[in-house]
Amino acid sequence: MSPTTASPTTATVAAGSAISPGQQAFVNAIESKVGEFLSTKLDGPFHAINYPSGFHKVVLYGDNDYANLATMQDIDKMLDPSGNVPLTLADEYFSTLYAQLLNGATFQFSNQDKETIEQEETQEQEQVQAVLQAFTDAGFVFPNPLPATSPNKLAYVYNQVQTLYGGEANIPVSIESLQSAMETYDGVAATSAKLHRQQAQALVRLTAAVTNATAPTLANGGLQTSATTFYAGYTLPSSEQLNEALATSTNAVTLSLLVSNFTSDASQISVSGEADLNLPIADIFDITADTQGSYDASRYVSSGSSLTINITYPGITTFSVVPVPLSLDNTTGWYDVEIVRELMNNTGNDVTGYALISQSQYPIAKYFGSGNIFSHLRTFVLSQQPTVSMTFSGGNTSLVQSDFQANAVAKMDILDIFSVGSAGSYAVQKVDDSQQQGEVTVTFGPTPDSGVSPENEIAFVVGGVVSYPPAS
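In the numbering used here, the protein residues as written are 21 to 492.
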């Protein structure tokens with residue numbers, strides 16, 4: 021099966037919503053810490069990602085080792101081009117847009133090559149007619165009108181021969197007169213024949229790339245997701261590799277936030293020891309615990325109090341994904357970065373090669389390049405579900421203890437950019453008031469995965485390395 025999604029061709033690139041200095045400091049800190057911790061494993065700059073629904077960490081499941089459809093959809097998602105900080109994953113798929121772009125492409129000739137073809141065909145018109153006659157004598161019929169990919173009948177012959185037989189050399193003996201006529205034309209109009217052959221081969225490759233991306237099968241390199249369905253192929257690490265890495269809790273990164281100097285509606289925040297920045301109290305956190313309602317920090321703090329938040333990402337690791345390259349014989353795989361490169365470089369220019377037919381439908385400046393629509397994560401940075409400890413010093417600590425009871429299911433949002441606890445997967449693990457008078461620490465963490473089917477088990481998406489093709 022191929023992924024279904026609303027067409028991204030109508031997407032617009034808009035400026036992301038404004039981000040406060042405190043939020044930006046949080047993003048900078050996590051990107052710096054994770055980037056440093058995984059410096060030898062990352063294949064590019066690390067970017068924080070906000071993806072609360074999580075990454076489905078069981079790649080293959082069941083007795084048949086089917087690929088997990090949910091995992092395939094996670095890795096195939098594009099980045100939201102709206103400019104959000106941190107970045108977010110969109111509900112649109114890389115393989116789908118790739119196929120749409122290729123469906124909107126052709127193989128064009130430069131004006132100089134067009135002139136060469138026209139000159140040679142005019143000079144060798146007798147042999148051109150011999151090729152066309154041999155084609156019809158073999159039982160073929162020219163459609164009326166000719167397809168847009170065939171500017172004239174001779175081009176149509178070359179395209180059909182490439183599509184049906186893989187080139188003149190493979191024409192069946194039963195219609196060898198066609199092969200002979202084409203070989204003769206090649207001898208008297210070598211450049212024209214070469215260009216027609218080049219276009220025919222390119223168009224066959226274009227069709228194969230689209231077919232293998234949108235109608236994957238076991239034979240063309242698709243990954244089987246059920247008894248009857250397949251997904252466009254990616255080269256992936258194994259579930260065992262991923263889960264072993266995630267289970268190594270000592271591979272952890274911790275981010276610390278100190279919030280103090282509270283007023284009626286504002287505070288100052290220091291992220292990992294950096295300078296204090298102003299932050300509205302309502303933006304510090306929003307927590308829902310069981311059915312007690314939603315609370316923000318203003319409920320628990322006062323002018324002389326402070327709040328320390330430690331976020332720990334245990335088992336932090338990388339998970340790299342690679343679209344299966346389209347093979348040289350076009351039989352397996354689907355992704356050809358050179359086609360993408362030519363689409364970006366050739367469209368609107370007087371050159372021979374792949375190009376988009378409509379610049380209004382697919383504006384190059386919006387689709388290709390850093391921060392634009394055509395994108396995906398080539399390396400995910402994942403962890404176990406983070407643990408969050410909040411230490412309230414001063415303020416209304418008795419209310420903290422009342423609101424947050426041990427084992428209460430919780431959902432939280434910190435700084436309006438860090439979210440955990442969807443679908444009841446988070447809870448209050450511990451409430452500790454024994455360290456110091458007037459101080460209480462609440463620790464939040466994931467609930468056990470008991471009862472969750474393997475294909476629905478998730479890891480936390482910390483971020484990753486972004487690819488904006490044709491750049492790697």
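Cβ coordinates follow ideal geometry from the N, Cα and C atoms, glycine included.
**Item:** Continuous beta strand (DSSP E) stretch holding residue 440: start and end
**Value:** 438-440
**Collapsed DSSP secondary structure at residue 281 in the structure displayed** = coil
**Request:** Could you give the DSSP three-state label for residue 77: helix, strand or coil?
**Result:** In the structure shown, the three-state DSSP call for residue 77 is coil.
**Prompt:** Given a threshold of 16 other Cβ atoms within 10 Å of its Cβ, counted over all protein chains shown, does residue 255 qualify as buried or as exposed?
**Reply:** exposed
**Request:** Measuring alpha carbon to alpha carbon, tell me which of 65, 134 and 126 ends up nearest residue 373.
**Result:** Proximity to residue 373 across 65, 134 and 126 peaks at 126, based on C-alpha coordinates.
**Message:** Just to confirm the assignment, what range does the alpha helix (DSSP H) spanning residue 365 have?
**Reply:** 357-366
**Message:** Taking only three categories from DSSP, how would you classify residue 248?
**Reply:** In the structure shown, residue 248 sits in coil (DSSP, three-state: anything other than H, G, I, E or B).
**Asked** Thinking C-alpha only, which one of 306, 263 and 230 is nearest residue 123?
**Response** 230
**Asked** Roughly how many whole angstroms lie between the Cα atoms of residue 176 and residue 379?
**Response** 25 Å
**Residue range of the alpha helix (DSSP H) that includes residue 193** = Note, residue 193: premise wrong, no alpha helix (DSSP H); not H, not E.
**Prompt:** Below 8 Å between beta carbons: does that hold for residue 87 and residue 244?
**Reply:** yes
**Under the three-state DSSP convention, the category residue 232 falls into** = helix
**Asked** Rounded to the nearest angstrom, how far is the Cβ of residue 485 from that of residue 398, given a contact under 8 Å?
**Response** 6 Å
**Prompt:** Under 8 Å between the Cβ atoms of residue 357 and residue 489?
**Reply:** yes
**Prompt:** Roughly how many angstroms lie between the CA atoms of residue 417 and residue 53, to the nearest whole one?
**Reply:** 31 Å
**Prompt:** Is the region 80-97 close to the region 470-479, with three or more CB pairs under 8 Å?
**Reply:** yes
**Asked** Who are the near neighbours of residue 276 in its chain, counting only those whose CB is closer than 6 Å to its CB and skipping five residues on each side?
**Response** 292 and 330
**Prompt:** In three-state terms, what does DSSP make of residue 405?
**Reply:** coil
**Asked** Are the region 307-318 and the region 425-439 touching by the rule of at least three beta carbon pairs closer than 8 Å?
**Response** Short answer: they touch.
**Prompt:** Taking all protein chains shown into account, do 16 or more other C-beta atoms lie within 10 angstroms of the C-beta of residue 441, making it buried, or fewer, making it exposed?
**Reply:** Buried, because 16 or more other Cβ atoms sit within 10 Å of the Cβ of residue 441.
**Message:** Could you tell me which whole beta strand (DSSP E) segments of length 3 or greater appear in the region 35-105?
**Reply:** 67-70 and 97-99
**Message:** Rounding to the nearest angstrom, what Cα-Cα distance links residue 290 and residue 410 in this structure?
**Reply:** 14 Å
**Between the CA atoms of residue 337 and residue 189 - distance to the nearest angstrom** = 51 Å
**Item:** C-alpha distance - residue 165 paired with residue 171, whole-angstrom precision
**Value:** 10 Å
**Prompt:** Buried or exposed: residue 142, going by 16 or more other Cβ atoms within 10 Å of its Cβ?
**Reply:** exposed
**Prompt:** In terms of residues, what are the limits of the alpha helix (DSSP H) holding residue 177?
**Reply:** 173-185 is the span of the alpha helix (DSSP H), which, as asked, contains residue 177.
**Asked** What is the DSSP secondary structure of residue 154, counted as helix, strand or coil?
**Response** helix
**Request:** Could you tell me whether any non-hydrogen atom of the ligand GDP is closer than 7 Å to the CB of residue 476?
**Result:** As presented, the structure is devoid of all ligands, the ligand GDP included, so that no description of it is given.
**Prompt:** Just checking my contact of residue 241 with residue 335 at CB under 8 Å: how many whole Å lie between their CB atoms?
**Reply:** That belief does not hold up - the Cβ atoms of residue 241 and residue 335 are roughly 31 Å apart, past 8 Å.
**Request:** Tell whether a beta-carbon distance below 8 Å holds between residue 69 and residue 109.
**Result:** yes
**Request:** May I ask you to verify whether the region 91-106 touches the region 384-395, counting CB pairs closer than 8 Å and requiring at least 3?
**Result:** yes
**Prompt:** Near residue 196, which residues of its chain fall below 6 Å by C-beta distance, leaving aside the five closest residues on each side in sequence?
**Reply:** Excluding positions up to five away in sequence, the list is empty.
**Item:** Identity of the residues DSSP links to residue 416 by a beta bridge
**Value:** Residue 416 is not bridged to any residue.
**Message:** For residue 130, report the span of its beta strand (DSSP E) as first-last.
**Reply:** From DSSP, residue 130 is part of no beta strand (DSSP E); its letter is neither H nor E.
**Asked** residue 320 bridges to which residues according to DSSP?
**Response** Per the DSSP secondary-structure output, residue 320 pairs with nothing in a beta bridge.
**Item:** Residue closest to residue 386, alpha-carbon to alpha-carbon, out of 468, 58 and 364
**Value:** 364
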